[in-house]
Every structure is written in C-alpha cells, then in structure tokens.
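Protein chains in written order, with the numbering used here: chain A, 1 to 266; chain B, 1001 to 1988.
Idealized CB from N, CA, C, for every residue including glycine.
Here the structure comes first, spelled out in structure tokens, and everything after it is commentary.
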Amino acid sequence: MKPKTAILTGYGINCEEETSKCFEWNGAETEIIHVNDFIKGTKKLADYQILAFPGGFSYGDDTGSGNAIANKIRNNLNEEILKFAQEDKLIIGICNGFQVLANLGLLPATKKYGERQAALMHNNTAIFECRWVHLKTHSSNCIWTKGIEKIHLPIAHGEGNFYCDQNTLKKMKENDQIVFRYTKENGSPADGKFPFNPNGSMEDIAGICDPSGRIFGMMPHPERFNSFENEEGWELKKEKLIREGKPIPKKGEGLKIFENAVKYFQ
Amino acid sequence: MAHRIEIFTKVNDAKSAVMTEKLHALGFNTQSSIVAEVYTINKKFKENELREVAEMLSNPVTQKYLIDNHAHDLDFDFAVEIGFLPGVTDNIGNTARETINDWASANNHPSFQDDESVHSSTLIFLKGNITEEDTQKIGESLANKLIQRISVKSHEKFMADRGMDTIVPKVQLNTRAQSDEVSLNLPEEELLKLGKEGIPESDCKKGARKCGRRGPLALDKESLEVIKKYFEKEKRPPRDIELESLAQTWSEHCKHTIFAAKIDDNEEGIYKGFIKKATQEIRKNKGEKDFCVSVFKDNAGGIIFDEEWVIADKAETHNSPSALDPFGGAITGIVGVNRDCIGFGKGAKPIINKYGFCVGEPDDEEPIYRDKKLENPALSPKRILEGIVEGVNQGGNCSGIPTPQGFVYYHKNYKGKPLVFVGTIGLIPKEINGKPAWEKGAKKGDKIVMLGGRVGMDGIHGATFSSEALTAHSPATAVQIGDPITQKKMSDAIIKEVRKKNLYNSITDNGAGGLSCSVAEMAKECGGCEVQLEKVPTKYPNMAPWQIWISESQERMTLAVPPEKIEELQKIMEKHGVEISVIGEFTDSGRCIVKYNNEKIMDLEMNFLHDGLPRKELKTKYDLPKNPKPDFEQPEDLTETLHKMLSRPNIRSHEFISTQYDHTVQGGAVLGPLQGKGKVNAPASITKPLPESEKGVIFSQGINPTYSFIDTYHMAACAIDTAVRNIIAVGGTLEHMALMDNFCWCSSNEEQRLGELKSAAQACYDYAVAYGAPYISGKDSMFNDFTGYDKDGNEIKISAPPTLLISSLGVLNDVTKAVSIDPKIPGDMVYILGETKPAELGGSEYLAMHGFIGNNVPKVDINNSIKLYKKFTDATEKRLIASALSPSFGGLGAALAKKAIAGQLGMELDLSPLLTGLEEHPRIDNILFSETQARMVVTVAPEKAVEFETLFKDIPHYRLGKITNDKNFIIKDFIKTDIATLDKYYRN
C-alpha cells in the first residue's frame, strides 16, 4: 500500500517541498498541507498514515524554536495529534520539526505522549550553524533508520543543543530511544567537540525516537542529501569514481530514511 | 496595568555565557552576566491565566519564569534592559501576542483589542567592577539607540523599585490625520529648502524662524519649477501628499535620473546608451539563441533555464539604512530583494540569495561624527559588519532561501557609508495558466489589493533619503526592520497557492516609495487608479494620509485583482495568516487619484506623475589620476610575504559568514560557499533547482573597487571578466550567461565622478557585447558619501570608491560536470592557463600591502580571454579538469595557496616555465601577486595531460608542477611552507 503522507506547512516552515519529494520518490502518496487546513477541519489528520513536520523557521523561532507552532497545535489540535501518535502510524520531525515534536511532548515521551521532557536549546556557539556532520546509529528500535549504520548529513540550525534531565536520559537509554549521535569523520564519538558535535548536544545526541520507534526526530536534514551531488565533498568522490571507471551514482543517502517509512506500510 | 513575565534559563545558558564573553571582548570589567527574556503584556489577565501564558512562552524543561515579580535573589551589581522604541517592529512581541490570542480563543477569553499589545525586551544582570556609567555604555554597545531603549538600574535601586519599570512602547502621534495644502509661491531660497529638507510641519507658525520639517523631498530646482508650473495650470496649490508622491516617484532611487540623463553629447545617456544598448545588440546577435525573456522592465530580469522554466535574477543595495542600523538595513535589504523576485512576472519563487558587503577596515576604531558637536557618532566598521552579517543571516535563514554565495570587501573609504549588496535568483514556469509567466498587466476595473504587513511610520522618506548623502539630518524613520516570517507567509500564499489559480492580473513589490510607487507604477499598465487611503490598515492611529501613502513598511505586495476573484483570494490569504485589504480600483482615467474619507487629496495626471520629471543634462570630465610610483624592493623572504598576503582581509577566509548562512535548504546544493576538505571560500556556486533534473544554475560576482583609483574603465572590465570567468571555471559557458550591473557611485554631481561613471559604462558595453553576455537587470545608487566631522571637529567627507558589482548567472546542463576549486588526487599536474603580466600590479592587494595604489591596472585582452573561455568549456565538458580556480585578489600566489588549502594536499611547483616566455627577467613577487585577469589555475590527471595540452595548444598554458601527498607547499627557489601554516594565515 502507498502510505498517505501529510507534510505540514505554514507560518515559516520551509523544507516541505524537498521533504515531500523524498517521500514521493520512495512511493508514498504525498500532500503538503497547511496547519490551518487541519485546524479548520478541511483536512483530517486521521486520513493519513505518515505525518511529517519539516524543517524551517516556524514563527521565526520567536518564543523558542518550534514553540509557537507547537502552542498553536496544542491549542487547536491536541486530541487529534495525540490520537495519531498512539496509533500504528509514523511521525517524523526534522530540525524545526524535531523542536516542534519535543515541544508537543511527542518526543522522547518516555512515559506518555504530550508532556514536555526535552529541549533543543541554543547552540553552544549561540550562532546559526550550517555544516555537514557525521552520524552513527545507536538504536535498533527506530523504524526510520533500519539498515543505516552511519550517515553524512547537513545541519542548519541555531537551536539544536539537545537537553533533558538525567532521569529522562536514563529512561531513553533503557528504551533504546537514542537514534543518532554525532561522530568524528572516522566514526569515533564527537565527545561534545565542535564542529563534530555542532551544537553542544548532551551525549552527542542528534536524533531520538519514542519508545515505539515510530515517532522520530532529528536535527540533521536527510532531505537535503537527496542526490549524489548534494553531499559536501562529492566532487572528490566523483573524481575518484571516474578514474576507477565507475559510474556516478544518482541518489543521495538521505533518501534511505524516507524509504524505511514507506516500506513500513508495505 | 501591563504585566511582566521574565524568563530565565536554568541549564546550559548559552546566551548568558556568550554575553559574558562578548562583554569581556568589548573590554568591560564584568565577571558574569545573566540574560533574561522579558514579555510586557499590555492586557488584563488573572494570575492563573498569566501562569498558563508564561508556560506557553517558556520551556519548563530548561527555563523558569517570574510573573509581575522581580529576581530578588540574584547576585548582581547592575541591571540593564533593552527594549524597542515605540513603532519599531517587534517580531517576538507579535508572535507572543498571536500565541496568547490563539490560546484565548481556544479557552473562551476575550482576544486582544487594538490598544492591547505584547512587547519583548531583554534584561541583563551584570556582576563586576563596573559603574552605572559603564552599564549604560554596555547597553549602548548592545543596542541601537535609533530603534531601542536602554534602561539601567543599580542593584539597590532595582530592589527598592521591586524590579525594572514596566514600559509599554506605544506610538502616540500628534499629527492630525488630514492632508494640507502647500504653497509653492515662495522665494527661491525657501522653495529650495522645501525641496531639500521637506514640507514645514503643519503646526509651524507663519514667519517662524525655526520650523520642523517633514523630511527630505530631494527635489531640485528644476523639478520644483516644473511642479510649480503644473499646479499653476491646475489652478490650485498642491496638497502635501501630491508633493510627497512626486518626490518619491521622481527620486533618483526610483527614476534613476542620472542614468537616464543626457550625458555630454550622448543623447541616450548611461542606461539606454550603454547598458540597455549592449543587451539589445547581444540579443540581436544571438538571434534564435537569444535566451532573454524579460529584461529591464520588471522587478527582476529573466532568462530561459530549460524548456519549461525561467530563472530571474535581481541584485539590490541597501546602503544608507545599513549605515544607521546595519541589522535592520541588511535584513530589509535581503527580504526586499526577495520580493523583487516574488514580484517578477506572475511571481517567481526565490531559490538563491547572494550577498556582498563593502565595509571600512576591520580594525579602524577612530570615531567619526555626523554632527559638529560630536554627539552623534557613526558606527564603527566592525559594528556595521556585525550588524549586516546578522541581518542577512536572519532574513535569509528565516525565509528558507539558501545563501551560498557572497563576499566581504574591506576598504577604508567605506567607513562612512558601507555598501550592502543583496541579490536573489528566482524560478518560475515559462507558462502559467496558458500564458507566458512574465507577462502581466492591471486592467480597468481591477481592485487594488494590498497584501502583507501593516503600514507604520517606518521607512518614511527611504527613497528620497537614499538619493542624498548621509548627514546629521538623515531621518531615523528611514530605518525599518524586516519580518521575514510575515513575508514568508505571503510568499507561500502567492507562489505555492494563488499563482496557479489565476486570481490576479498583475503583481508588484512594495519597496521604495511604498504604495505611492507600487500603485502608480501598476496604474501605468491600464492608465489610472483611484485609491481610498483610509482602507489601508495601519499599525497605529493618526497617521497622516501622506505618511500612509509613502511609508515603506515592509513585507507588502500590491496586486490587481478582478472583482469577482476577491473573495477566493481573501479566503486563501486568511488561511495563510496574511492580512489582505482592498484599497481602491484601477481605472483608465489617465489620472492617479487618492481619496481619504471621501475627500480627494491627490489628483495628478498619470503622464505628469511618470514623465513630467525634467530630464537632466550632465557634463563630464575624466582626468586620469597619477598615483605615486610604487617604490619598494622585492622582499627577501617570499614565504613570509605569501603568508601575509593570505591573511589580508580581502583574501582571507570569511567562513564565519558562510557557515552561519543556510546554504543547503531547498535541497539543491551542488557547489557551496566552502569547497574541499580545507573549506576554502569559492567565488562561484552551483544549485540544482529542480530535483528531477541534472541542470544547474551557476552564479558568481565580480568587484574591483580599488582599480577605480587608477581607471574606472578597466575597473569595470575586470569586474566583468571576474564574474564571467568564475562561471567558466566551474563548468559554465559563454553561450548561456547573463549579467547584472550594480553601480554604487559617489558625489555624482561632480563632473569628474560622472566622467568616471561614463568610462565604466563604456567598458560595460564593450565587454558584455564581446562576451555575448547580456545585462538583464541592474540598479544604481549614486551618492555613497559621508559628510561629517572627525574627532577634532574638522569637517570631513568620505566617499566610497566608485564601485561596480557585476553579478553573473549561467546554466550548466549536467551538474556532475561541475568543477570545484580543490585539487583532488596526489600526482595531478598543476597548470596555469592564460598569460601572467607581472607589471599589472596597479590596484592590487600586493601594492596595497606596501602602501601603494600604482598605475598599471590589469587590462582584459578580450580576444585572448574569449579564446581561453571557449576552450575551457570544451575541457570541462570532456571532464579534463579536476579542479579550477581563477586568480583574483592576490594573483597567482594566493590562488595556488588557496587551492592547496582547499585540497589539503601539498604542491611542488616551479615558476620557470612562466619566466621563459617573458622578455625581461621580472621580479618573482610581481609574477606571484599581479592581478592579471583571464587566467585559470587548474589540476589535471596525468593520464589526461596530453589531451589537455593538445586542446590548449593555441592558448598560453604552463605546467607549474604537481600535487603531492606530503602537505608541503613548495615553489622552487622562492617559497617553502606547508598546508597547516598556510591554513593558519588564511584563517587568521
């Protein structure tokens, strides 16, 4: 079955088109939907199997990144979103979308959905960072990252510094909820060191899932590595491939994450 | 009584930590600082309601809050609060208001009324060995007094007052919302004063010696006399709004009077006689291969991208506002040029942002003042750059538009007035609803619709102000702060939803001159308009009609909408949270009519409004300067010289800007701002705008301001060649390349400056025609001068160097053929293509380092460069080039070093092949650092060397050595260093 995928937009969300493409290329039926269409009821969350909160600058990060739009959803769509989270459906939040999921209490949700337990705080540098990072997968639980051991992806955020209290962190580990950690180029832990860990995130955390592995949030942008030429340093890879007489690949590695979601429904 | 919510971060408080560091760096004796966010809520709430509100505005995981209470247990010596002055856009306050309103309506609370509001501010608690005066200074170094208030309290006073004062910054206008008649029957001196300083305030008594003025009209004697005659014919005096409207429409900023003027015996003038003429000839020469679709007539210029898509490009400057408020000026600039793109044809989607900042020298702290009393200092170059960088950061990042390309250029003469170049490339289908997407036109009977933000006092007299030199009289209201999110909502609604529904006949941006320019401009399409000005939503009551009409409040577009389509448009805008107002109707009456509460306050002939402006006639002269002959020996240690060159501000890395600008959003990045493992700033970038296609957009920029001190003709030629060859270097072709011109001149009322201008324009014509690269859009800013006082009170004038930015735009059919700057594989051969002329040191970074300008400026040999570029395109098409970088500032030496750093690979080089070709034995330093144009430094795989050399057999090419694996950078007999050391100097 082709999962019906709703890509949220509005109020400064800005990665909806490329995110939608990544789902579409992997065989999902996609629709970019303004948050007000759900609020007004012209569209119903219940009609979709996958819900994506794309990256962007909802409300310009005013009152905290992802906070104002989370408030809007909580004030208007609380029941619908909690119901969606509890069903056998998938949710992804990328960058600003991750911040929204954290503010909605859908991540990490170690106890229940709807309670804020984690925050994506200002980067340690207190400045917006746009650069490529190396990630290593730590969870076997997360549906979105099956078959991915490590991946190279870009980040672009001012508030990506993951924080939660020690209790929550412990719970997350017990539940196998820590999905991605920042590493050095050789795969060894970033250990909080800039620029490998670009924001100062606790335990180098770059992405987490809920205890069920269906709801996933990550700071890096897999949709921005949709083709081979997107990757930082692809020119060197290309030159080597040409000299070895090998073909130049087309797809970007970020697509794998979207493929996993679509496969879940097949 | 308003409420105060103060929010403190209890873990990982990066903002406070960075603030502490920043204050140390600024030299203050502070030990620690604690930064709190403050919301002042000007609406009645109960305590439990406020708690819910505070929960929403803060994060319980990391923050705690105080409601109507003060932080009595904090350890500090002084507290300083920075908030906005009345009327200044407060984006955070607006969002908080929306959040609270949303919550209120979901919980059956009354929503905000017009006189209720939310305001944000920042409160900083400081501990250290500081005085109240120091704290005030700290406030001043963090805030901009033009737009922000600073409140300081000692610990003692803070405790006694139980906290900071609750301040609600509300605008209270004393103006009356009416329109006044203005007499033009004045003595000449008074009339000229009216043109220069503006209409006297209406409360000004007759014969009073000192009179408040409304701000510059920038109307000269000739214009004023024409206007006087027009109203004599109309048998009535003008209304204030009519004069203001004419001043806006006729401003240098809008009508480009200098570019339109007859210049010496050239009847057509600079624009028609050189720039537009070049484009016309090129298009004719190209015949069927002409790729231009809409040039010079719209908000941006458009060229064919592929069978189905068109790309549009526009570059703007926002110089004067950026001098006063760098952050506000720059953010307004970038979101403004985005709107040019959204206003191209039926609306293009912005896909790429570009920037270029020309600022004073980074370590120049010597104060200069706008006023004789030395009370009004200009901001330092460092402060200006910080603000500009942050402005484009917020504008571009928040809008979701990648900013992969840009530069910073430092020169002491930009100290008084920086140049802020911002550009946007857009994408639009060739056809929308079966019609060419670039065609549009308001029709008689269409409603005039304004979309976007509300109108306030911000940006009044922006257009006339930017046409004047910066002085103490420059109006503070000229400063605006953009709100990228308001614009993003509007842009999404138009581009992603309304455009394809055929709901409007025309669209344009509200930029300079506000409604007065956008409505009058669109009215040309059908022949008239009638506006009901009271229908324009304003930010606060009591704005005078003329203010509403010319306000440059941001994030607005004007549309021509058929009456039957208004309702559908309103629904869509409501969904997107975009304010929409119908403010009048387009007509064919031949007149531009404005009413306010049914009273006709403006009634001008369209012809007079648009074409009544008397054409100027300009006289020029150009005496080429004679600069002192450079006189210094070749340095003994050229390794040290190379290191010093690499750390020069105009050569070194500006990675700190590149990594804070999102350059990967929209998912089409191919070649970004930083290339190679060593992350070196590259001069050209490539983006793949359509995910399913392998086609790429290439874009670059060329600028050589110091060459203007020798000869503006060659300055312009070099800027063009730089922009062109940067595109060629990454894989582009002369066949599919367009240019844009942005002139930023100075003192354009002086014959010599105008002579420099004409000479540069001649080069613009000559080189564009030769390369076959048409200009598709352009802009000019003619008075980039600062007049003021030095620290001893002596009058000074600082004029920006005559500056021309050339932007280039190209198309690459297969992005996998893109060539980056970094050498890739040890063993690859290093070549230089094109002749190096060691004497061409004039205006170079190398002479500047020795305190000279010189006279022998680089000259572009057009025949050779065309031959080279065509062959180079063949070579990239055949994948013969592994890496390429064309030398610019710092010449061959800097190019080689940058390549080595980019690849993080060593080089073993020998310059002797270069020397054998030259008659006399030249100085090696001159070989290394002359800025001869039309050259490329490339690396080539050894197995492709024969094919490469055969291809370039008729073009000067020299094999200089090879790439090595050992991280040493060696030029035989002259330079011995390593990558790590080069890297260190490059990053300085």
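Straight-line gap, D949 of chain B to K1677 of chain B (C-alpha atoms, nearest Å): Examination of residue 949 of chain B is not possible in this model, given that chain B is present from 1001 through 1988 alone.
Chain B contact for G160 of chain A (CB, 8 angstroms cutoff): no
Closer than 8 angstroms to chain D by CB, Y113 of chain A: You won't find chain D in this structure, because its protein chains are A and B.
Counted within 10 angstroms of its Cβ, other Cβ atoms place K72 of chain A as buried (16 or more) or exposed: buried
Span of the alpha helix (DSSP H) around V2010 of chain B: Nothing about residue 2010 of chain B can be read from this structure; chain B reaches only from 1001 to 1988.
Listed by chain order, chain B residues near E203 of chain A by CB distance under 9 angstroms: Simply none; closest approach about 13 angstroms.
Partners in chain A for N1393 of chain B, counting only beta-carbon separations shorter than 7 angstroms: F128
Contacts around P195 of chain A, its chain only, beta-carbon distance under 7 angstroms, and the 5 residues preceding and following it disregarded: R131
Close-in-space but distant-in-sequence residues of the same chain around S1747 of chain B (CB under 6 angstroms, 5 per side omitted): R1753, D1785 and S1799
Stretch-stretch touch, CB-based, cutoff 8 angstroms, three pairs: the stretch 1436-1452 of chain B with the stretch 1815-1824 of chain B: no
8 angstroms Cβ cutoff, C1398 of chain B in contact with chain A: yes
Contact with chain B by A118 of chain A, beta-carbon distance below 8 angstroms: yes
Classification of E1530 of chain B by the beta-carbon crowding that lies within 10 angstroms, buried from 16 upward: buried
For W1438 of chain B, three-class secondary structure by DSSP: coil
Spatial distance of P249 of chain A from I242 of chain A (CA atoms): 11 angstroms
Closest residue to K1489 of chain B among B:G1391, B:K1349 and B:Y1369 (Cα-Cα distance): B:K1349
Segment contact, 8 angstroms Cβ cut-off, at least three pairs: the stretch 133-148 of chain A with the stretch 172-184 of chain A: yes
Which of helix, strand or coil DSSP assigns to Q1762 of chain B: helix
Cβ-based neighbour list, P1691 of chain B, same chain, cut-off 8 angstroms, excluding 5 preceding and 5 following: G1667 and G1668
Buried or exposed by the 16-neighbour rule on C-beta atoms within 10 Å, applied to L104 of chain A: buried
C-alpha gap between I1507 of chain B and G1287 of chain B, whole angstroms: 30 angstroms
N168 of chain A versus V1018 of chain B: straight-line alpha-carbon distance, rounded: The amino acid at residue 168 of chain A is misidentified as Asn; the sequence shows Thr. Their backbone Cα atoms lie some 28 angstroms apart in a straight line.
S1474 of chain B (DSSP reduced to helix, strand or coil): In this prediction, S1474 of chain B has a pLDDT of 46, which is less than 50 and means its spatial position is unreliable; nothing more can be read from the coordinates.
F128 of chain A: first and last residue of the uninterrupted beta strand (DSSP E) it sits in: Careful: F128 of chain A lies outside any beta strand (DSSP E) and carries neither H nor E.
Segment contact flag, the stretch 1328-1341 of chain B with the stretch 1395-1402 of chain B, C-beta cutoff 8 angstroms, min 3 pairs: yes
Minimum C-alpha distance to V1819 of chain B - residue among A:N36, A:E229, A:P54 and A:I33: A:E229
Collapsed DSSP secondary structure at E2026 of chain B in the structure displayed: With chain B covering 1001 to 1988 only, the question about residue 2026 of chain B has no answer from this structure.
Cβ-based burial, E1375 of chain B [other Cβ within 10 Å; buried from 16]: exposed
The ligand FMN heavy atom lying under 7 angstroms from the CB of I50 of chain A: The ligand FMN is not part of the structure shown, which contains no ligands of any sort.
Residues from the stretch 218-230 of chain A in contact with chain B, defined by Cβ distance under 9 angstroms: H221, E223, R224, F225, N226, S227, F228, E229 and N230
Backbone CA spacing between N226 of chain A and G1360 of chain B [nearest angstrom]: 41 angstroms
Cβ of L135 of chain A within 8 angstroms of any chain B Cβ: no
The stretch 1018-1036 of chain B contacting the stretch 82-97 of chain A, beta-carbon criterion three pairs below 8 angstroms: no
Helix, strand or coil at Y1409 of chain B [DSSP, three-state]: strand
CB of T145 of chain A within 8 angstroms of CB of N260 of chain A, strictly: yes
Collapsed DSSP secondary structure at T1009 of chain B in the structure displayed: strand
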